[in-house]
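A.B. asks: Counting with our numbering, you get residues 1498 to 1910 for the letters of the sequence shown.
Glycine is no exception: its CB is placed at the ideal position from the N, C-alpha and C atoms.
This structure is in structure tokens; I'll ask about it shortly.
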Amino acid sequence: MRILILVCGEGLGHTSRCIAIAKELVAAGHVVHFGAYGYSQELIERKGYMVSTIPSEITLVGEAGKLDLKASIFETVKKGRFRGILLLKDLIRSLKPDVVLSDSYFTGILASKSIHVPSYILLNQSNMEEFFINKGVSGRLLGELVKQFYQGVFRIVDGMIIPDYPMPYTICRKNISFDNKLMKKVFYSGPAVGKSSEDVEPAQVQHPHVLSTIGGFGYREPLFQKVINAAEMDPRIHYTLLAGPSVDPAKFTQLPPNVRILKFISDQFPYIKSSQVIIAPGGHSTLMETLSFGIPVLSFPDKDHTEQQNNASVIAENELGYCLDYSASPDEILMYIKDIVYNGKFVEKARFMRQLSEQLNGAKAICKLLESCAVSLDHGPKRRSWIPAPLRRTKNWDRKLRTGFSQSDEKSD
């Protein structure tokens, strides 16, 4: 089977989960070709996959670390990015894939369906119109146009894959909303992460250990400094802070001995496994990786970033960590870290999420789904359900999950 994976380059989380899926597909003997752009394309090429350059779907506009979504959409339309559908059609015709998997890249669905190639969209957000709430009349009108566009894509696509835990454990549940008709197309695969906890050797660090992935750039730098200040208050807890590839760690002088700052880690999984707490924004892929390793989270979602804020609020509601904002003081940050490290807060429920992730095996589930459905959708009799029988989530299966969670509750009481 030949699969074309199209990646939205507006976030490396999309890239990491697509690479995890590609790894499973190749291991199963299939041929994978990517379409990507920007840093995502570079990362995929470094992993050794075949990649074609595709047009960016969205031009991002903003300043001081804050995204202006309204201006971004206007700029996208002005530059004619949607005309890239013609280039995508040519790419699909030349590669002749059996199926197209498009990660949040809506133009790819329009292109593939226009030439009758089975297509699936991978996404963790379906309510983009919420960005336009309280943006005035013009904002509401623009939000309605955006909604009509993506709803149209959802109607024509063959299936929608949510790379998250099934309900009621879905972390992105506040960011997705489908009517009953569209729900028949939805499949919760489980987290699609590059490695499982059991396959990773932990990094050599001193314990207890905290990994911070928030970065030390731009508007996040004050929070980065607060974490350093919190670390100084309790030298028994050790920290690895990722500053980001654009930040020189040397600018942070007079570090306490229990803090190490790195620019970038090519493989974060050993550090995740070695940690008792992960400090992270509210990005979906980072949260999936963290929970798949069973680590509680201190989540600091970006200001005015609805998707991140929704994800982080679910982390708190599901008692998998704390949802904080940038106003938190070093004392508060340390208090929450100590609650997890010394009191075991959230540990049992986070461990359950690791076990559930291993059971679901999201990347493998997506691979099996594509194998089962690619041919039948457009070249055979219609299925009663687009989800193959072995992958359907039954009531008994859901009951087992709920039982597992209640057992975790009992242990933590």
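1. For Met1850 and Asp1587, I'd like the C-alpha separation in whole angstroms.
2. Suppose the cutoff is 8 angstroms on Cβ atoms and the five residues either side in sequence are ignored; what does the same chain contact list for Tyr1546 look like?
3. Put Gly1656 into one of helix, strand or coil per three-state DSSP.
4. Of all the options Asp1799, Thr1550, Val1690, Leu1795, which has the alpha carbon lying nearest to the alpha carbon of Gly1510?
5. Could you please give the first and the last residue of the uninterrupted alpha helix (DSSP H) stretch that includes Ile1516?
6. Restricting to Cα atoms, I'd like to know which of Glu1814, Ala1825, His1781 is closest to Gln1805.
7. Which term fits Tyr1662, buried or exposed, when burial requires 16 or more other beta carbons within 10 angstroms of its beta carbon?
8. Distance check for Glu1868 and Arg1499, CA to CA, integer angstroms please.
9. How would you write the range of the beta strand (DSSP E) that Phe1684 sits in, first residue to last?
10. Which whole-angstrom value is the C-beta distance of Ile1606 and Ile1653, which I expect to be below 8 angstroms?
11. Rounding to the nearest angstrom, what Cα-Cα distance links Ser1513 and Asp1731 in this structure?
12. Using a 10 Å radius around the Cβ and a threshold of 16 neighbouring Cβ atoms, would you call Glu1786 buried or exposed?
13. Who are the Cβ neighbours of Leu1620 in its own chain at under 6 angstroms, not counting the five residues just before and after it?
14. Confirm, please, whether the CB-CB distance from Pro1778 to Asp1801 is below 8 angstroms.
15. Can you round the beta-carbon distance between Ser1772 and Val1707 to whole angstroms, since I take them to be within the 8 angstroms contact cut?
16. Given a threshold of 16 other Cβ atoms within 10 Å of its Cβ, counted over all protein chains shown, does Glu1922 qualify as buried or as exposed?
17. Name the residue from Ser1616, Ile1582, Thr1604, Leu1584 whose alpha carbon lies nearest to the alpha carbon of Pro1494.
18. What do you get for Tyr1536, buried or exposed, if any count of 16 or more other CB atoms within 10 angstroms of its CB means buried?
19. Taking 7 angstroms as the cut-off, is the C-beta of Asn1755 nearer than that to any heavy atom in the ligand SAH?
20. Alpha helix (DSSP H) containing Phe1721: first to last residue?
21. If you reduce the DSSP assignment to three classes, tell me which class Phe1531 lands in.
22. DSSP three-state label for Met1664, please.
23. May I have the straight-line CA-CA distance separating Tyr1839 from Lys1544, to the nearest angstrom?
24. Exposed or buried, which one is Tyr1716 when buried takes at least 16 other CB atoms within 10 Å?
25. Consult DSSP for Leu1564 and reduce its assignment to one of helix, strand or coil.
26. How about Ile1668 and Asn1808: are their beta carbons less than 8 angstroms apart?
27. Quick check on the DSSP output: the beta strand (DSSP E) that includes Val1794 runs from which residue to which?
28. Using C-beta distances below 7 angstroms, list every residue in its chain close to Val1523, excluding the 5 sequence neighbours before and after it, in chain order.
29. Cα separation between Met1680 and Asp1764?
30. To the nearest angstrom, report how far apart Ile1502 and Lys1835 are at their CA atoms.
31. With distance defined between alpha-carbon atoms, name the residue in Ser1854, Phe1684, Thr1737, Gly1649 nearest to Lys1610.
32. What's the gap between the Cα of Arg1757 and the Cα of Pro1793?
33. Over what stretch of residues does the alpha helix (DSSP H) that includes Arg1590 continue unbroken?
C.D. replies: This is what the structure gives:
1. Locating residue 1850 in the sequence shown gives position 353, counting from the first residue. Locating residue 1587 in the sequence shown gives position 90, counting from the first residue. Their backbone Cα atoms lie some 42 angstroms apart in a straight line.
2. Position 49 of the sequence shown, counted from the first residue, corresponds to residue 1546. Result list for Tyr1546: Ile1516, Ala1519, Val1529, His1530, Phe1531, in chain order.
3. Start at 1 with the first residue of the sequence shown, and residue 1656 comes out as number 159. Strand at Gly1656.
4. The residue you call residue 1510 lines up with position 13 of the sequence shown. Among Asp1799, Thr1550, Val1690, Leu1795, the Cα nearest to that of Gly1510 belongs to Val1690.
5. What you label residue 1516 is simply residue 19 of the sequence shown in a count that begins at 1. First-last of the alpha helix (DSSP H) with Ile1516: 1509-1524.
6. One-based indexing of the sequence shown puts residue 1805 at position 308. Comparing Cα positions, the closest option is His1781.
7. Here residue 1662 refers to the residue found at position 165 when the sequence shown is read from its first residue. Burial call: buried.
8. Position 2 of the sequence shown, counting from 1, holds the residue named residue 1499. Position 371 of the sequence shown, counting from 1, holds the residue named residue 1868. Approximately 10 angstroms, taken between the alpha carbons.
9. As a first step, residue 1684 must be located in the sequence shown, where it is residue number 187. That run of the beta strand (DSSP E) goes 1683-1685.
10. Within the sequence shown, residue 1606 is the residue found at index 109, counting from 1. Within the sequence shown, residue 1653 is the residue found at index 156, counting from 1. Confirmed, Cβ separation roughly 7 angstroms.
11. Within the sequence shown, residue 1513 is the residue found at index 16, counting from 1. Within the sequence shown, residue 1731 is the residue found at index 234, counting from 1. Taking the straight line from one Cα to the other gives about 34 angstroms.
12. Counting from 1 along the sequence shown, the entry for residue 1786 is found at position 289. With 16 or more Cβ atoms within 10 Å of its Cβ, Glu1786 is classed as buried.
13. In the sequence shown, counting from the first residue as 1, residue 1620 sits at position 123. The answer, listed in chain order, is Ser1601.
14. Here the question's residue 1801 lines up with position 304 in the sequence shown. Here the question's residue 1778 lines up with position 281 in the sequence shown. In this structure, Pro1778 does not lie closer than 8 angstroms to Asp1801 by Cβ.
15. Locating residue 1772 in the sequence shown gives position 275, where the first residue counts as 1. Locating residue 1707 in the sequence shown gives position 210, where the first residue counts as 1. The beta carbons of Ser1772 and Val1707 sit about 6 angstroms from each other, so the pair counts as a contact at 8 angstroms.
16. The requested residue 1922 does not occur in the structure, where the chain is confined to residues 1498 to 1910.
17. What the structure shows of the chain is the stretch from 1498 to 1910, and residue 1494 is not part of that stretch, so it cannot be assessed.
18. Walking along the sequence shown from the start, residue 1536 turns up at place 39. Classification for Tyr1536: exposed.
19. Absence of the ligand SAH from the depicted structure is noted, as is the absence of any ligand whatsoever, leaving it without description.
20. Translated into positions along the sequence shown, residue 1721 becomes position 224. It spans 1718-1730 - the alpha helix (DSSP H) in which Phe1721 sits, taken as one unbroken run.
21. Against the sequence shown, residue 1531 aligns to sequence position 34. Here Phe1531 sits in strand by DSSP.
22. Taking the first residue of the sequence shown as position 1, residue 1664 is located at position 167. In the structure shown, Met1664 sits in coil (DSSP, three-state: anything other than H, G, I, E or B).
23. Your numbering for residue 1839 matches position 342 in the sequence shown. Your numbering for residue 1544 matches position 47 in the sequence shown. Approximately 39 angstroms, taken between the alpha carbons.
24. As a position in the sequence shown, residue 1716 is number 219, starting the count at 1. Tyr1716 is exposed by the Cβ-count criterion.
25. The residue given as residue 1564 occupies position 67 in the sequence shown. Because Leu1564 carries a pLDDT of 48, less than 50, the predicted location of this residue cannot be relied on, and no value is offered for it.
26. By 1-based counting over the sequence shown, the position of residue 1668 is 171. By 1-based counting over the sequence shown, the position of residue 1808 is 311. A contact, by the Cβ cut-off of 8 angstroms.
27. As a first step, residue 1794 must be located in the sequence shown, where it is residue number 297. That run of the beta strand (DSSP E) goes 1794-1796.
28. Position 26 of the sequence shown holds residue 1523. Result list for Val1523: Val1529, in chain order.
29. To locate residue 1680, count along the sequence shown from 1; it is residue 183. To locate residue 1764, count along the sequence shown from 1; it is residue 267. Going by the C-alpha atoms only, they are around 35 angstroms apart.
30. By one-based count along the sequence shown, residue 1502 stands at place 5. By one-based count along the sequence shown, residue 1835 stands at place 338. For Ile1502 and Lys1835, the distance between alpha carbons rounds to 42 angstroms.
31. Taking the sequence shown and counting its residues from 1, one reaches residue 1610 at position 113. With distances taken between Cα atoms, Lys1610 lies closest to Gly1649.
32. For the purposes of this step, residue 1757 is identified with residue 260 of the sequence shown, where counting begins at 1. For the purposes of this step, residue 1793 is identified with residue 296 of the sequence shown, where counting begins at 1. Roughly 21 angstroms between the two C-alpha positions.
33. Reading the sequence shown from its first residue, position 93 is the one you call residue 1590. 1582-1592 is the extent of the alpha helix (DSSP H) around Arg1590.
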